[in-house]
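Residue numbers (our numbering): 108 to 392. Even for Gly, the Cβ is constructed at its ideal location relative to N, Cα and C. Since the structure is predicted, the reported quantities are computational estimates derived from the model, not experimental observations. Let me begin by presenting the structure, written as structure tokens, before commenting on it.
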């Protein structure tokens, strides 16, 4: 009976020795905090906008009949404008279209309104004055009065360059024609923005890390908004926040005050960009 008992329990004992101890569940590694996306040139107000486009003019039948030109005249447009603020732009330019044997020159001045030129995509409405000068063979005609109304859209391709699509209808009076002349114009082109205010690309903080040794202790932090080249930008608004106000609070001036032991992240934000400092409160008894 003793041998039988050993034969039964020894395998069980051996199996118990070979069974590996259970491992604790692995904790997932903490993910790094998401970094803000750098805005695509946040300030296009007070900038110069240089535009060039290609397209065509849909000529009024009276011009087609007088000159023998075809109805659609390929051409282009150049313009220079100034963005007075985020909504209004004033510009001057000229269009040029050619449909053998006629050449049409179309100078203009215009106001353009957009909801917010600092958006990546900004639709706009444009209105202004201007007329056409039509020349073919030895004959010339100049509009006595002209005005236009149009719509379009800009889409930023980079910090300073945008795709510009525009269509407009031009109304004109010529003494040679009894009725008003309507020419439709459509162009696709590029705009370049120069000048204006630099966008904030990063926020530098000093000191980068600090420890407060007693409750009620304070530390002043300094924030420096910088452009894409690391150059400080003056006159920019900075806001401060704490990730844990029970450990440390921060005032609008960047003054940090210790409240209880622990750690808190103090963040300075300016125009969508942020910088963060870790503050540790470690009061000993």
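Item to complete: Please state whether DSSP places residue 193 in a helix, a strand or coil.
Response: Residue mapping note: residue 193 aligns to position 86 of the chain shown, counting from 1. DSSP places residue 193 in coil when its eight states are reduced to three.
Item to complete: Report the three-state DSSP secondary structure of residue 171 (helix, strand or coil).
Response: In the chain shown, residue 171 corresponds to position 64, counting from 1. Helix at residue 171.
Worksheet item: Are residue 382 and residue 310 touching if we call contact CB-CB under 7 Å?
Response: By 1-based counting over the chain shown, the position of residue 382 is 275. By 1-based counting over the chain shown, the position of residue 310 is 203. Closer than 7 Å, so yes.
Practice prompt. Please say whether residue 386 and residue 371 have beta carbons closer to each other than 7 Å?
Written response: If you number the chain shown from 1, residue 371 lands on position 264. If you number the chain shown from 1, residue 386 lands on position 279. It is a contact, given that the beta carbons lie within the stated cut-off.
Practice prompt. Count the other CB atoms, across all protein chains shown, that sit within 10 Å of the CB of residue 229; report buried if there are 16 or more and exposed otherwise.
Written response: The residue labelled residue 229 in the question sits at position 122 within the chain shown. Buried, by the Cβ-count rule.
Practice prompt. Taking all protein chains shown into account, decide if residue 263 is buried (16 or more other Cβ within 10 angstroms of its Cβ) or exposed.
Written response: In the chain shown, the residue the question calls residue 263 occupies position 156. Buried, since its Cβ has 16 or more Cβ neighbours within 10 Å.
Practice prompt. Starting from the Cα of residue 365, find the closest Cα among 217, 338, 300, 353 and give me that residue.
Written response: The residue you call residue 365 lines up with position 258 of the chain shown. Residue 353 is the option with its Cα nearest to residue 365.
Practice prompt. Check residue 290 in the structure and name its three-state DSSP category.
Written response: For this step, residue 290 is matched to residue 183 along the chain shown. In the structure shown, residue 290 sits in a strand (DSSP, three-state: E or B).
Discussion item. So the candidates are 327, 287, 343; which of them puts its Cα closest to the Cα of residue 314?
Written reply: Residue 314 sits at position 207 when you count from the first residue of the chain shown. Considering only alpha carbons, the answer is 327.
Item to complete: Please say whether residue 164 and residue 280 have beta carbons closer to each other than 7 Å?
Response: Along the chain shown, one-based indexing puts residue 280 at 173. Along the chain shown, one-based indexing puts residue 164 at 57. Taking 7 Å as the cut-off, the Cβ atoms of residue 280 and residue 164 do not count as close.
Worksheet item: Within this structure, are the beta carbons of residue 169 and residue 252 separated by less than 7 Å?
Response: The count along the chain shown starts at 1 and reaches residue 169 at position 62. The count along the chain shown starts at 1 and reaches residue 252 at position 145. When the beta-carbon positions are compared, residue 169 and residue 252 stay at least 7 Å from each other.
Fill in: Unbroken beta strand (DSSP E) run spanning residue 341, endpoints
Counted from its first residue, the chain shown places residue 341 at position 234. For residue 341, there is no enclosing beta strand (DSSP E), as DSSP marks it with neither H nor E.
Worksheet item: Which whole-angstrom value is the C-beta distance of residue 292 and residue 275, which I expect to be below 8 Å?
Response: Position 185 of the chain shown holds residue 292. Position 168 of the chain shown holds residue 275. About 5 Å separates the two Cβ atoms, so the contact holds.
Practice prompt. Determine the direct distance from the alpha carbon of residue 338 to that of residue 143, and round the result to whole angstroms.
Written response: On the chain shown, position 36 is the one that residue 143 refers to. On the chain shown, position 231 is the one that residue 338 refers to. Caution applies to residue 143, whose pLDDT of 49 falls short of 50 and renders its modelled position unreliable; the model cannot decide the point.
Worksheet item: Under 7 Å, do residue 235 and residue 216 count as touching if we go by C-beta distance?
Response: Sequence index remark: in the chain shown, residue 235 carries index 128 (1-based). Sequence index remark: in the chain shown, residue 216 carries index 109 (1-based). When the beta-carbon positions are compared, residue 235 and residue 216 come within less than 7 Å of each other.
Discussion item. Among 152, 205, 256, whose alpha-carbon lies nearest the alpha-carbon of residue 244?
Written reply: Counting from one through the chain shown, the residue named residue 244 turns up at place 137. Of the candidates 152, 205, 256, the residue whose Cα lies closest to the Cα of residue 244 is 205.
Worksheet item: How many angstroms separate the CA atom of residue 197 from the CA atom of residue 378?
Response: The residue given as residue 197 occupies position 90 in the chain shown. The residue given as residue 378 occupies position 271 in the chain shown. Each residue's Cα considered, the two are about 26 Å apart.
Worksheet entry | Distance CB(residue 201)-CB(residue 214) smaller than 7 Å | In the chain shown, the residue the question calls residue 201 occupies position 94. In the chain shown, the residue the question calls residue 214 occupies position 107. Yes, these two residues count as a Cβ contact at 7 Å.
Worksheet entry | Selected residue, minimal CA-CA separation from residue 329, among 340, 180, 362 | The residue labelled residue 329 in the question sits at position 222 within the chain shown. Closest option to residue 329, Cα to Cα, is 362.
Item to complete: Tell me where the beta strand (DSSP E) around residue 355 begins and ends.
Response: As a working note, residue 355 is residue 248 in the chain shown. The continuous beta strand (DSSP E) containing residue 355 extends over residues 355-357.
Worksheet item: On the premise that residue 187 lies in contact with residue 296, defined as a C-beta separation below 8 Å, what is that separation, rounded to the nearest angstrom?
Response: Within the chain shown, the letter at position 189 stands for residue 296. Within the chain shown, the letter at position 80 stands for residue 187. Between residue 187 and residue 296 the Cβ distance is about 13 Å, and since that is not below 8 Å, they are no contact.
Worksheet entry | Residue interval of the beta strand (DSSP E) (run including residue 391) | The residue labelled residue 391 in the question sits at position 284 within the chain shown. Counting along the chain, residue 391 sits inside no beta strand (DSSP E), nor does DSSP assign it H or E at all.
Worksheet item: Exposed or buried, which one is residue 222 when buried takes at least 16 other CB atoms within 10 Å?
Response: Taking the first residue of the chain shown as position 1, residue 222 is located at position 115. The residue is exposed, with fewer than 16 neighbouring Cβ atoms inside 10 Å.
Worksheet item: By DSSP, does residue 231 sit in helix, in strand, or in coil?
Response: By one-based count along the chain shown, residue 231 stands at place 124. Three-state DSSP puts residue 231 in a strand.
Worksheet entry | Distance between residue 358 and residue 203 (C-alpha atoms, nearest Å) | Start at 1 with the first residue of the chain shown, and residue 203 comes out as number 96. Start at 1 with the first residue of the chain shown, and residue 358 comes out as number 251. Our two residues, residue 203 and residue 358, have alpha carbons roughly 59 Å apart in a direct line.
Fill in: Residues of its chain near residue 231, where Cβ-Cβ distance is below 6 Å and the 5 sequence neighbours each way are ignored
Position 124 of the chain shown, counted from the first residue, corresponds to residue 231. Cβ neighbours of residue 231 beyond the five flanking positions: 219, 221, 259.
Fill in: Secondary structure, beta strand (DSSP E): runs of 3+ residues fully inside the segment 251-298
Entirely contained in the segment 251-298, the beta strand (DSSP E) runs reaching 3 residues are, in chain order, 252-263, 268-280.
Fill in: Nearest candidate by alpha-carbon position, reference residue 255, set 273, 154, 345
On the chain shown, residue 255 is found 148 positions in, with the first residue counted as 1. Ranking the options by Cα distance to residue 255, first place goes to 273.
Practice prompt. Can you grab the Cα-Cα spacing for the pair residue 331 / residue 389, in whole Å?
Written response: Residue mapping note: residue 331 aligns to position 224 of the chain shown, counting from 1. Residue mapping note: residue 389 aligns to position 282 of the chain shown, counting from 1. C-alpha separation (whole angstroms): 27 Å.
Worksheet item: Taking the DSSP output, what are the residues bridged to residue 216?
Response: Indexing the chain shown from 1 puts residue 216 at position 109. 199, 236.
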